[in-house]
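> I'd like to ask you about the structure that follows.
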Amino acid sequence: MSFNHNLKVGQVLTNPQVGELFKSTIYMGMRRSLETNTLVLVSDHTKLYEDRWEGNIFHYTGMGKKGDQSLSFHQNKTLAESDTNGVDVYLFEVLRPNEYIFMGQVLLAGEPYQEEQFDEDKNLRKVWVFPLKLADGKKPIKLPKKLIEAKEKEREKLARKLTYEELEARAKYASKKAVSRTVTSNNFERNPFVTEYAKRWANGICQLCERPAPFKNKKGEPHLHTHHIKWLANGGEDSIYNTVAICPNCHDRMHILDSESDVIQLKEKVKKHFRMQTISL
Ligand SMILES: [Zn+2]
Ligand SMILES: [Zn+2]
Numbered sequence: 045m046s047f048n049h050n051l052k053v054g055q056v057l058t059n060p061q062v063g064e065l066f067k068s069t070i071y072m073g074m075r076r077s078l079e080t081n082t083l084v085l086v087s088d089h090t091k092l093y094e095d096r097w098e099g100n101i102f103h104y105t106g107m108g109k110k111g112d113q114s115l116s117f118h119q120n121k122t123l124a125e126s127d128t129n130g131v132d133v134y135l136f137e138v139l140r141p142n143e144y145i146f147m148g149q150v151l152l153a154g155e156p157y158q159e160e161q162f163d164e165d166k167n168l169r170k171v172w173v174f175p176l177k178l179a180d181g182k183k184p185i186k187l188p189k190k191l192i193e194a195k196e197k198e199r200e201k202l203a204r205k206l207t208y209e210e211l212e213a214r215a216k217y218a219s220k221k222a223v224s225r226t227v228t229s230n231n232f233e234r235n236p237f238v239t240e241y242a243k244r245w246a247n248g249i250c251q252l253c254e255r256p257a258p259f260k261n262k263k264g265e266p267h268l269h270t271h272h273i274k275w276l277a278n279g280g281e282d283s284i285y286n287t288v289a290i291c292p293n294c295h296d297r298m299h300i301l302d303s304e305s306d307v308i309q310l311k312e313k314v315k316k317h318f319r320m321q322t323i324s325l
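Numbering of the sequence shown is given in my numbering, commencing with residue 45 and proceeding in unit increments.
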């Protein structure tokens, strides 16, 4: 009989809540509970582990923090035998500190295999990786794109702390397979008339740096990007009063810096062009 947990996929718990629910320790990645006959797997992406989704298969790194991992070691053995030992296995992913996202019950999707990863002492060692799939043929839930981006930022922060040699070694031994996961995102459809108007108005000149577009496309049109002064993601409107055409370089600048003075400069352009006293975007 399966453990009755009443969790919904995508539900977010704190670490103590996970421990309380499954009656397990809260201190490891693999948590065996005899009381609920479960094995809880925690994949903490805020740490430098290499767990990853490849389509519908989750590649989970086993336990053992130093040296080569062994398949007969503690919960590695439990997981490796989970086809036949009757233990229910559940997966949580952590993308932001202390937010444990319930992904569902998982099953082995194939034989565990070995790969090289770094241990705590930054030595390359052999780990066991368990390919897992969700039970009942379910597909992984789509997580918000923002959350994935937050995770990537965290991992970039970790990467920045490594020395050049450490970074080179990690980059060399990283899985070469592209990590893929389905995410939800808000795709805004843009009004093509607004876009086209902004480009015609700019007439091949970037409206921020006022230099000509860096190149022409195959049709001979100057290559400019349209940009919303107040971002659509922040509630900006898709109107000609909020849309400018700028060069790719300035577009990056707007999305990376979004500086007050650049925004004012673009707003002034719009005001002057439409002979407006004020604009509210
Ligand atoms: Zn420019
Ligand atoms: Zn933009």
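Glycine residues also receive a C-beta, built at the ideal position from the N, C-alpha and C atoms. Since the model is a prediction, treat every value here as computed from it, not as a measurement.
Could you tell me the distance, in whole angstroms, from the CA atom of Val173 to the CA atom of Asp95?
Residue mapping note: residue 173 aligns to position 129 of the sequence shown, counting from 1. Residue mapping note: residue 95 aligns to position 51 of the sequence shown, counting from 1. The straight-line gap from Cα to Cα measures roughly 8 angstroms.
> How about His16: is its Cβ closer than 7 angstroms to a heavy atom in ligand 2?
Any question about residue 16 goes unanswered here, given that the chain covers just 45 to 325.
> Bridge partners for Tyr134 per DSSP, in chain order?
Here residue 134 is taken as the residue at index 90 of the sequence shown, counted from 1. In DSSP, Tyr134 forms a bridge with Val84, Gln149.
> Check the C-beta distance from Asp88 over to Arg169 and give it rounded, since I have them as a contact under 8 angstroms.
Residue mapping note: residue 88 aligns to position 44 of the sequence shown, counting from 1. Residue mapping note: residue 169 aligns to position 125 of the sequence shown, counting from 1. Contact flag wrong, Cβ pair sits at about 19 angstroms.
> For the stretch 157 to 165 against the stretch 195 to 207, are there 3 or more C-beta pairs whose distance is under 8 angstroms?
With the cut-off at 8 angstroms, the stretch 157 to 165 and the stretch 195 to 207 do not touch.
> Can you check whether the CB of Trp97 is closer than 8 angstroms to the CB of Ser224?
For the purposes of this step, residue 224 is taken as residue 180 along the sequence shown, with counting starting at 1. For the purposes of this step, residue 97 is taken as residue 53 along the sequence shown, with counting starting at 1. Yes, they are a contact pair.
> What first and last residue would you give for the beta strand (DSSP E) that runs through Glu98?
By 1-based counting over the sequence shown, the position of residue 98 is 54. Start and end: 96 to 98.
> If you run the structure through DSSP and keep just helix, strand and coil, what is Thr287?
Residue 287 sits at position 243 when you count from the first residue of the sequence shown. It is a strand residue.
> Short of 8 angstroms in beta carbon distance, which residues of its chain neighbour Val56, apart from the five on each side in sequence? Order them along the chain.
As a position in the sequence shown, residue 56 is number 12, starting the count at 1. Glu143, Tyr144, Ile145, Phe146.
> Thinking C-alpha only, which one of Lys201, Asn100, Thr69 is nearest Gly154?
Stepping through the sequence shown from its first residue, residue 154 is reached at position 110. Ranking Lys201, Asn100, Thr69 by Cα distance to Gly154 puts Asn100 first.
> Quick one: what's got a C-beta closer than 6 angstroms to Thr270's C-beta in the same chain, skipping five residues either side?
Along the sequence shown, read from residue 1 onward, the residue named residue 270 stands at position 226. Thr239, Ala242, Thr287, Ala289.
> One question on the structure: do Leu252 and Leu202 come within less than 8 angstroms of each other, judged by their Cβ atoms?
If you number the sequence shown from 1, residue 252 lands on position 208. If you number the sequence shown from 1, residue 202 lands on position 158. Contact: no.
> Regarding Met72 and ligand 2, is the C-beta to nearest heavy atom distance less than 7 angstroms?
Translated into the one-based positions of the sequence shown, residue 72 becomes position 28. Incorrect: Met72 has no Cβ contact closer than 7 angstroms to ligand 2.
> Check each residue's C-beta against every heavy atom of ligand 1 and list, in chain order, those closer than 7 angstroms.
Going along the chain, the residues that qualify are Cys250, Leu252, Cys253, Arg255, Ile290, Cys291, Asn293, Cys294.
> Quick check: is any heavy atom of ligand 2 less than 7 angstroms from the C-beta of Met298?
Within the sequence shown, numbered from 1, the residue matching residue 298 stands at position 254. Yes - ligand 2 has a heavy atom lying nearer than 7 angstroms to the Cβ of Met298.
> Hey, Thr228 and Lys186: beta-carbon distance below 8 angstroms or not?
Within the sequence shown, the letter at position 184 stands for residue 228. Within the sequence shown, the letter at position 142 stands for residue 186. A contact, by the Cβ cut-off of 8 angstroms.
> Would you identify the three-state DSSP class for Glu160, choosing helix, strand or coil?
Position 116 of the sequence shown, counting from 1, holds the residue named residue 160. In the structure shown, Glu160 sits in a strand (DSSP, three-state: E or B).
> Look up Phe174 in the DSSP assignment and give the residues it is bridged to.
Position 130 of the sequence shown, counting from 1, holds the residue named residue 174. In DSSP, Phe174 forms a bridge with Tyr104.
> Keeping to the same chain, check which residues put their C-beta closer than 6 angstroms to that of Ser77; ignore five residues upstream and five downstream.
Here residue 77 refers to the residue found at position 33 when the sequence shown is read from its first residue. For Ser77, where only same-chain residues beyond five positions count, the Cβ hits under 6 angstroms are Phe66, Lys67, Ser68.
> Under a Cβ-count criterion, where at least 16 other Cβ atoms within 10 Å of its own Cβ denotes burial, should His317 be classed as buried or exposed?
Looking up residue 317 in the sequence shown gives position 273. The residue is exposed, with fewer than 16 neighbouring Cβ atoms inside 10 Å.
> Once the 5 residues before and after Arg234 are set aside, which same chain residues still bring their CB inside 7 angstroms of it?
Translated into positions along the sequence shown, residue 234 becomes position 190. The residues are Asp282.
> Mind checking whether Asp357 and Phe47 have CB atoms under 8 angstroms apart?
Within the shown structure, residues of the chain are numbered from 45 to 325, placing residue 357 beyond reach of any answer.
> Three-state secondary structure (DSSP) at His317?
Taking the first residue of the sequence shown as 1, we reach residue 317 at position 273. His317: helix per DSSP, three-state reduction.
> According to the Cβ coordinates, are Leu135 and Leu176 closer than 8 angstroms?
The residue labelled residue 135 in the question sits at position 91 within the sequence shown. The residue labelled residue 176 in the question sits at position 132 within the sequence shown. Yes.
> Is the beta carbon of Ala179 less than 8 angstroms from the beta carbon of Gln149?
Position 135 of the sequence shown, counted from the start, is the residue given in the question as residue 179. Position 105 of the sequence shown, counted from the start, is the residue given in the question as residue 149. Going by C-beta atoms, Ala179 is nearer than 8 angstroms to Gln149.
> Closer than 6 angstroms by C-beta to Phe232: which residues in its own chain qualify, once you throw out the five before and the five after it? Chain order, please.
As a position in the sequence shown, residue 232 is number 188, starting the count at 1. Result list for Phe232: Leu276, in chain order.
> Given the structure, does His118 come close to ligand 2, in the sense that its CB is under 7 angstroms from one of the ligand's heavy atoms?
The count along the sequence shown starts at 1 and reaches residue 118 at position 74. Incorrect: His118 has no Cβ contact closer than 7 angstroms to ligand 2.
> Checking 8 angstroms against the spacing of the C-beta atoms, do Thr58 and Leu83 come in under that value?
Start at 1 with the first residue of the sequence shown, and residue 58 comes out as number 14. Start at 1 with the first residue of the sequence shown, and residue 83 comes out as number 39. No, they are not a contact pair.
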